[in-house]
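Undergrad: Pasting a structure below so you can have a look.
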Amino acid sequence: MTLDEDLGGDGVVGRVADLDLSGSRLDAHINASSRLGYWEWTMEFGNSGKRNKEARMQLLLPADGVVSRLTLWVNDEPQEAAFFSTVKVTKGRKLR
């Protein structure tokens, strides 16, 4: 059994045994007249272990990039994720 000491923490430090990125798809949508675009990135994580584990990752965005929506699929059901800006999330949590 691997103990994930960073579970629930601020960082994603190391790999956890039995969790892998099993699929990834990136779709771009560009509007030439407004010069705006967005990406839809679908990632699927697989757990080959016997216990439930939380898959986490870090994603570096461009300087003006934002995350506007996040959908988690749990047991084949979509769950809209709730999140705030980094400032609101950090202020709302108890820091260790």
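Convert by adding 409 to the 1-based position in the sequence shown; the result is the number in my numbering. No residue lacks a Cβ here, since even glycine has one placed at the ideal position from N, Cα and C.
Can you tell me which of the three DSSP states Met452 falls into?
TA: In the structure shown, Met452 sits in a strand (DSSP, three-state: E or B).
Undergrad: Among Glu463, Phe454, Gly446, which has the Cα closest to the Cα of Ser433?
TA: Cα-wise, what sits closest to Ser433 is Phe454.
Undergrad: Express the C-alpha separation of Leu481 and Ser443 in angstroms, rounding to a whole number.
TA: The alpha-carbon atoms of Ser443 and Leu481 are separated by roughly 30 Å.
Undergrad: Quick check on Val483: buried or exposed, where buried means 16 or more other Cβ atoms within 10 Å of its Cβ?
TA: Label assigned to Val483: exposed.
Undergrad: Measuring CA to CA, which of His438, Gly458, Glu486, Tyr447 is closest to Pro471?
TA: Ranking His438, Gly458, Glu486, Tyr447 by Cα distance to Pro471 puts Tyr447 first.
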